[in-house]
Structure formats: structure tokens, C-alpha cells
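Asks:
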Amino acid sequence: MKTKRERLYEGMYILNATLSEEARKKALAKIVDGITVKGGKIKKIHDMGKKRLAYEIQNKREGYYYLIYFDIVTTHVTELWQEYHLHEDLLRYNTIQAPFVRETLEFKPFNRQE
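Just add 383 to the spot in the sequence shown (first one is 1) and you have the numbering used here.
1. Span of the beta strand (DSSP E) holding Ala-459?
2. Would you be able to state if there are at least three C-beta pairs under 8 angstroms between the stretch 436-451 and the stretch 464-471?
3. Return the Cβ separation of Ile-397 and Gly-446 in integer angstroms, given the expectation that the two are a contact with Cβ distance under 8 angstroms.
4. Per DSSP, Asp-430 is paired with what?
5. Is DSSP giving Leu-411 helix, strand or coil here?
6. Whose C-beta lies closer than 6 angstroms to the C-beta of Ile-428 among residues of the same chain, with five residues either side of it excluded?
7. Determine whether the beta carbon atoms of Gly-417 and Phe-453 lie at a separation below 8 angstroms.
8. I'd like to confirm the pairing. Which residues does DSSP put opposite Ile-425 in its beta bridges?
9. In the structure shown, what three-state DSSP assignment does Ala-437 receive?
10. Apply the 10 Å Cβ neighbour rule to Ile-414 and answer buried if 16 or more other Cβ atoms are within range, or exposed otherwise.
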């Protein structure tokens, strides 16, 4: 019998920018609740704010970005993805295994080579 392994994941979520602040908090809570109901533990949530999208998604040019670090049993990740397909305010999401929790987000300036 296989043992259930819990791992650290990093989830990037882009929510619809036209949501009110209250609706955005509810949408984020729905994502967090989905993780915790399956036995996951939230480690850190980074609110990255409203940003312009690289390309249009569902006729939207902007979105609210959240980066969430959480521990969860690996078999529950696909269940989360199935739930995300039903989340109407979630424009895009990506979940990857993370080596550690980043306490701060730092971005280096992009140096364009001419």
C-alpha cells in the first residue's frame, strides 16, 4: 500500500479584476477553504495586487494575483484543480511543488538586451 505523502506547493491564482473588494475576498476564501477542507495547511499568502495580464483571458486585460504556499497530500492536488474549473472568478491558476516558502517576493528588473 502506498503511503500518502504531504508536500509543499506554491499556487498562483489570478482573480477577475472587476470584482469588488468583498467579492475578491470571498473568492480567495473559497480557494483557501478548498485547500483546508482537504486537510491542507496554508503556510503563506502573498497578495500581489492588481496587474496587467500578458494577454487577454476571457476578454479581461487585468487580474488580481495571489501566491499561496500550502502543504497538502499529493493526491488532493488533482481534486483541487477540478474544483478550480468550476470557480467562475478564477481566470488562471498554476500549482507547482515548492522547495521552501518565500517570506518576501523580490523581482529583479528586466534588462532588455539591445
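Cβ atoms here follow ideal geometry from the backbone N, Cα and C, with glycine treated the same way.
Replies: Per the coordinate set shown:
1. At residue 459 the sequence reads His, which differs from the Ala that was named. No beta strand (DSSP E) holds His-459; DSSP gives it neither H nor E.
2. no
3. 4 angstroms
4. Tyr-449
5. helix
6. Ile-451
7. no
8. Phe-453
9. strand
10. buried
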